[in-house]
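Working notes, structure below.
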Amino acid sequence: MPQQVEREFGLENTDPVLFYGANDRNLKIVEKYFSVILIGRGNTVKINGDEDDVHRVEELFSELVFLINKHHKLSRADLMTAIQIIKGESEQQHPYSLKEELDSVLVFTPYGYVKPNTPGQINFVQTVRNNDIVFCIGPAGTGKTYLAVAMAISYLNQKRVNKIVLARPAVEAGESLGYLPGDYKEKINPYLSPLYDALMDMLPPDTLKKQIDKGVIEVIPLAFMRGRTLNNAFVLLDEGQNCTFLQMKMFLTRLGPNSKSIINGDVTQIDLQRPADSGLTGIKEILCGIDGIGFVYLNADDVVRHKLVKEIINAYAKGDSRENGN
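Heads up, the sequence shown is in our numbering, so the first residue is 3 and it goes up one at a time.
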């Protein structure tokens, strides 16, 4: 039978109102996930229960204090994420601390949180933090779009930028939207849906709608970037391999002061009529050596979709190698 113990956890230098939540909501949530009874009085919380769970709750409370002091708030999403990580650590014996895990989180979402999970993805995030323009090139399923959108939302939440602009080539080789049926939105939405999908995963529907209505978040076809200067913005160009040389130059010269830009692409999936026209394939040779521009290359080891996606990518790579006589 597990040993029953009692501990006291002090909340010095931490706002107990934020820690407890309305009507002790946070304490009640913790009690559902651990075999403990919690009694909060002022700056002290009594923890009664199984010794192992009491120890886990003490660790959890330490990290909640860290979150409150860092962000001056504690949302339900933050609390649930911390609980999931603590329980995961105890079951899987991960060698990292909760603080390290939470520090790597880009965005807390209605469904959990978004963070880089592979060495390549971690390098991608760090490169974006250290540069104003970053090219991320890699195969499908490596999280290029998802992580880029998460970073954009993170910068907006931290008020490091005032708006997000997400762009994508709407139609391969020239963006000729006119021949498609329907009105303007019906023409472009199929091409922009991957960006909307990522946004809807990370923001509550009401919040997303308000941000779009206010122009804080824009999702547009690449052609509509022409003539603009984007200040204090986080700008993402997705599917960059389907931009021509001139379109890429146009996009890169839109960046204004205090702005960041990510250009994602997969050079193995160029949809242009003449693949040699892609503005992504030779971009490193053109921009090499310019301070503030970074390049990241992801591979099959960074795939985070279905496990078969990695095998498919490797199989196609082998096929391409045979065709080229290697």
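The beta carbon of each residue, even a glycine, is placed where N, CA and C say it ideally should be.
Predicted model only: the values in this text are computed from it and were never measured.
Please state the DSSP three-state secondary structure of G23. coil
Using a Cβ-Cβ cut-off of 8 angstroms (strictly less than) and excluding sequence neighbours within five positions of V269, which residues of its own chain qualify? I139, Q243, S280, L282, T283
Pair every Cβ in the stretch 251-260 with every Cβ in the stretch 226-241, then say whether three or more of these pairs are closer than 8 angstroms. yes
Quick one: what does DSSP say R228 is sitting in, helix, strand or coil? coil
When DSSP builds the beta bridges, which residues end up paired with A235? K165
Short check: CB of V1 to CB of D17, under 7 angstroms? Since the first residue shown for the chain is 3 and the last is 328, residue 1 is missing from the structure and cannot be characterised.
Following the continuous alpha helix (DSSP H) through D52, name the residue where it begins and the one where it ends. Not the alpha helix (DSSP H): D52 falls in the beta strand (DSSP E), residues 46-52.
Report the partner residues of G1 according to the DSSP bridge assignment. For the chain, the structure presents residues 3 to 328; residue 1 sits outside this window and is missing.
Give the straight-line distance between the Cα atoms of P121 and S106, rounded to the nearest whole angstrom. 12 angstroms
Any idea if E93 is buried or exposed, counting beta-carbon neighbours within 10 angstroms, 16 or more meaning buried? Low local confidence applies: a pLDDT of 45 at E93 is under 50, so the model's placement there is unreliable, with the coordinate-based value given in what follows. Exposed, because fewer than 16 other Cβ atoms sit within 10 Å of the Cβ of E93.
Kindly indicate which three-state DSSP category V305 falls into: helix, strand or coil? Residue state, collapsed to three classes: coil.
Any 3 or more C-beta pairs closer than 8 angstroms across the stretch 38-53 and the stretch 77-88: Contact annotation: the stretch 38-53 does not touch the stretch 77-88, with fewer than three C-beta pairs closer than 8 angstroms.
Label A154 either buried or exposed according to how many other C-beta atoms from any shown protein chain fall within 10 Å of its C-beta, with 16 as the threshold for buried. With 16 or more Cβ atoms within 10 Å of its Cβ, A154 is classed as buried.
Taking the C-alpha atoms as reference points, what is the distance between Q160 and V109? 11 angstroms
What is the DSSP secondary structure of K262, counted as helix, strand or coil? strand
Please classify N28 as buried or exposed, where buried requires at least 16 other C-beta atoms within 10 Å of its C-beta. buried
Measuring CB atoms only, is the stretch 115-133 touching the stretch 214-228, in the sense that at least three cross pairs come out at less than 8 angstroms? By the criterion of at least three beta-carbon pairs nearer than 8 angstroms, the stretch 115-133 is not in contact with the stretch 214-228.
Could you tell me the alpha carbon to alpha carbon distance between Q95 and H57, rounded to whole angstroms? With a pLDDT of 43 at Q95, under the threshold of 50, the modelled position of this residue cannot be trusted, and the question is left open.
Quick one: residues in its chain with C-beta nearer than 7 angstroms to the C-beta of K75, no 5 flanking neighbours on either side, listed in chain order? L20
Can you tell me whether G12 is buried or exposed, with buried defined as 16 or more other CB within 10 angstroms of its CB? exposed
Within 7 angstroms of any Cβ in chain C, is that where the Cβ of Q249 sits? The structure shown contains no chain C; it is built from a single protein chain.
Is the Cβ-Cβ distance between M227 and A278 less than 7 angstroms? no
So for Q271, helix, strand or coil by DSSP? coil
Who does S280 pair with in a DSSP beta bridge? In DSSP, S280 forms a bridge with T246.
Through-space distance from P223 to E177, alpha-carbon basis: With a pLDDT of only 46 at E177, under the threshold of 50, the placement of this residue in the model should not be trusted; the figure read from the coordinates follows. In a straight line, the C-alpha of E177 is about 8 angstroms away from that of P223.
Range of the contiguous alpha helix (DSSP H) that encloses Q160: Per DSSP, Q160 belongs to no alpha helix (DSSP H) and is neither H nor E.
Should A152 go down as buried or exposed, given a rule of 16 or more other Cβ atoms within 10 Å for buried? buried
Are there 16 or more other CB atoms within 10 angstroms of the CB of T46, so buried, or fewer, so exposed? exposed
So G12 is in the beta strand (DSSP E); what residue range does that whole segment cover? Looking at the DSSP string, the run of the beta strand (DSSP E) that includes G12 is 6-12.
Between the C-alpha atoms of A225 and Q271, what's the straight-line distance to the nearest angstrom? 20 angstroms
Can the beta-carbon of V59 be found closer than 7 angstroms to that of I49? Yes. Within cutoff.
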